[in-house]
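What follows is a single structure, written as structure tokens, with notes after it.
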Amino acid sequence: MLKGKKILLGVTGSIAAYKAALLVRILVKEGAEVKVIMTAAAKDFISPLTLGTLTKNPVITDLFKDDAWANHVMLGRWADLMLIAPLSCNTLARMAAGICDNLLLSVYLSAACPVMVAPAMDEDMWKHPATRRNLRTLATFGHHVVQVGTGELASGLYGEGRMAEPDDILKEIVGHFHQQGSLKGKKAMVTAGPTFEHIDPVRFIGNHSSGKMGVAIARELLNRGAEVTLILGPATGELQLEGLDTIRVQTAREMYDACHRAFGETDITVMAAAVADYTPALVAPEKIKKNEEDWSLTLKKTPDILKSLGQMKKDGQTLVGFALETRNERDNALSKLAQKNADIIVLNSLTDQGAGFGKDTNKITVFDRNGGERRYELKSKTEVAKDIVDYIMEYTHA
Ligand code: C5P
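Just so you know, numbering that gives the first Met the number 0 puts 5 at position 6 of the sequence shown, and the rest follows in order with no gaps.
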């Protein structure tokens with residue numbers, strides 16, 4: 000099931016390191032090529048000789064050895080997946096903070112491949128707010144966190160925090176590779192961010208959209224093999240745009256034009272941008288002077304991009320819109336689905352704590368044309384993006 004896949008396994012200092020031997024054995028049995036990196040603390044729990052023998056590759060532990068430098072960048076580039084199992088509290092915190100004081104962390108920071116982690120720790124450490132925060136940070140980096148198990152712990156106590164069993168980790172790895180190519184050959188278009196509607200050369204009407212949700216969706220589609228065009232409004236924060244064919248636009252009209260140029264070729268379209276509904280009827284060529292006590296601005300409606308694409312949509316094209324509502328949420332989302340001829344509407348409510356503009360988390364309910372409806376918990380935007388893409392794939396295969 001893993002023939003030809005290159006897996007870089009990072010082993011850290013936790014009693015669960017003994018399970019790494021079994022994990023390596025089943026990965027190799029499934030056809031993967033495995034290279035192991037161990038931290039100094041991991042060597043107290045399991046011998047490099049054991050893992051080196053099972054992988055038939057030398058285990059790497061030091062950045063510098065015998066006057067040679069381990070090429071951490073090449074190791075990161077070699078791998079199709081970097082798996083850290085077990086992941087200790089210490090390495091988790093260092094990954095979240097971007098600290099780079101051993102070989103494993105240097106490889107991690109330079110790895111271009113997807114990253115999966117299987118944490119292992121005692122229940123009290125697992126539940127500590129710092130651990131919760133660090134895991135959330137890893138989720139925002141797009142890493143896949145394998146659920147811990149409940150059972151007997153190294154402390155002798157019973158509780159949550161055991162590393163997942165090697166067979167379960169294998170299932171997640173197989174699932175990951177299966178998903179990865181699932182949108183190969185498909186074209187996707189995603190809109191993200193706000194639009195800025197010019198009043199004069201220095202002023203505009205805008206909104207607080209950060210673009211994070213749309214970019215997370217674009218990245219998830221890309222991870223699954225789709226060719227993705229991102230049409231991005233003037234979001235100001237830092238966004239991860241590597242690998243995305245990004246078209247920058249400013250106004251609703253520019254977004255409309257860019258969407259219409261790309262739409263004909265597109266299999267999946269997700270409209271996550273917070274497009275301004277109104278724009279100044281006239282843009283003043285010079286900066287407007289402050290003269291009067293009162294000043295009013297005439298606005299005109301912007302084109303509804305989603306609706307216009309809904310009218311052009313052909314069989315085989317899937318169109319997803321967003322709805323941000325503050326009341327009558329369900330009814331408004333359902334009427335948007337019909338009015339705009341969309342296939343799926345993702346509702347996020349501003350009244351939900353932690354959801355919406357600028358945040359790293361979101362809470363959604365999804366509705367589709369076939370009457371489907373699913374409510375999700377509050378999650379990181381990266382995880383929400385996975386749920387949305389899963390939903391789209393289920394819908395298109397239904
Ligand atoms: O009608 P409403 O603006 O609430 O609809 C939101 C959905 O429509 C979002 O998917 C948004 O990206 C899209 N939209 C659009 N063009 C507009 C306004 C909203 O495509 N002018």
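All C-beta atoms in this analysis are idealised placements derived from N, C-alpha and C, irrespective of residue type, glycine included.
Quick check: does the Cβ of residue 271 come within less than 7 angstroms of any heavy atom belonging to ligand 1? True, at least one ligand heavy atom lies under 7 angstroms from that Cβ.
Return the residue from the list 9, 176, 171, 161 that minimises the CA-CA distance to residue 101. 9
Cβ contact (3+ pairs, closer than 8 angstroms) linking the stretch 154 to 163 and the stretch 193 to 208: Taking 8 angstroms as the limit for Cβ pairs, the verdict is that the stretch 193 to 208 does not touch the stretch 154 to 163.
Roughly how many angstroms separate the alpha carbons of residue 284 and residue 202, rounded to a whole number? 11 angstroms
For the 8 angstroms Cβ check, are there 3 or more pairs between the stretch 127 to 136 and the stretch 234 to 245? The stretch 127 to 136 makes no contact with the stretch 234 to 245, as fewer than three CB pairs between them are under 8 angstroms.
Note the first and the last residue of the continuous beta strand (DSSP E) segment covering residue 115. 114 to 118
Those residues which DSSP pairs with residue 176 across a bridge: BP columns for residue 176 are empty, so no partner.
My guess is that residue 5 and residue 78 are in contact by the Cβ rule of under 8 angstroms, so how many angstroms apart are they, rounded? 5 angstroms
Run the CB neighbour count on residue 174, radius 10 Å, all protein chains shown included, and call it buried at 16 or more, exposed below. exposed
In angstroms, rounded to a whole number, what distance separates the CA positions of residue 368 and residue 84? 41 angstroms
Report yes or no: do three or more beta-carbon pairs, one from the stretch 215 to 224 and one from the stretch 247 to 260, lie closer than 8 angstroms? Touching, no, given that fewer than three Cβ pairs across the two stretches are closer than 8 angstroms.
Segment limits, beta strand (DSSP E) that includes residue 247: It spans 244 to 247 - the beta strand (DSSP E) in which residue 247 sits, taken as one unbroken run.
Could you give the DSSP three-state label for residue 109: helix, strand or coil? helix
Could you tell me if the beta carbon of residue 301 falls within a distance shorter than 7 angstroms of some heavy atom in ligand 1? yes
DSSP state of residue 161 mapped onto helix, strand, coil: strand
Counting only runs that start and end within the stretch 26 to 83, where is the beta strand (DSSP E) found for 3 or more residues in a row? Qualifying beta strand (DSSP E) stretches, in chain order: 32 to 37.
Beta-bridge pairing of residue 373 - partner residues as DSSP gives them: 365
Residue 115, buried or exposed, once every other Cβ within 10 Å from all chains shown has been counted against 16: buried
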